[in-house]
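To convert, note that position 11 of the sequence shown is 11 in my numbering; the numbers rise steadily by one, no gaps.
In what follows, a structure is listed as structure tokens, so that the remarks can point back to it.
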Amino acid sequence: MQHLVEIKGSHLFEEYLHSLGVRRCRLDQEQEIYLQEHHLAAVRRIQGELRFYLRANALVGR
């Protein structure tokens, strides 16, 4: 099981992904986000609401 950390708000989520080198991506749909074959993040629909998650290991070493 992946260890995911929820990020509150799409703007903060998008800014953090950008700082990791991910080009802009649409955050209006459920998806998995990868950078160079490494899974970094996920957008999940939970109870009808989009929620934003980063992999915990993406937060280490920054």
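Note that CB positions come from ideal geometry on N, CA and C, so glycine has one too.
With distances taken between CB atoms, is the gap from residue i to residue j smaller than 9 angstroms?
i: Leu27; j: Val5; result: no
i: Glu30; j: Leu50; result: yes
Rounded to a whole number of angstroms, what is the C-alpha to C-alpha distance between residue i and residue j?
i: Glu37; j: Ile7; result: 22 angstroms
i: Phe52; j: Phe13; result: 7 angstroms
i: Gly48; j: Leu40; result: 23 angstroms
i: Leu17; j: Arg55; result: 11 angstroms
i: His11; j: Cys25; result: 12 angstroms
i: Ile46; j: Gly9; result: 14 angstroms
Is it right to say residue i is buried, meaning 16 or more other beta carbons lie within 10 angstroms of its own, or is it exposed?
i: Ala58; result: buried
i: Arg62; result: Unreliable placement is indicated for Arg62, whose pLDDT of 49 sits below 50; the coordinate value is still reported in the next sentence. The residue is exposed, with fewer than 16 neighbouring Cβ atoms inside 10 Å.
Examine chain D for any beta-carbon lying closer than 9 angstroms to the beta-carbon of residue i, and answer yes or no.
i: Gln36; result: Given the protein chain composition of this structure (a single chain), no chain D is represented.
Using C-beta distances below 7 angstroms, list every residue in its chain close to residue i, excluding the 5 sequence neighbours before and after it, in chain order.
i: Leu20; result: Leu35, Leu40, Ala58
Checklist entry - What are the complete beta strand (DSSP E) segments, minimum 3 residues, inside the region 9-40? => result Taken in chain order, the whole beta strand (DSSP E) runs of length 3 or more contained in the region 9-40 are 31-35.
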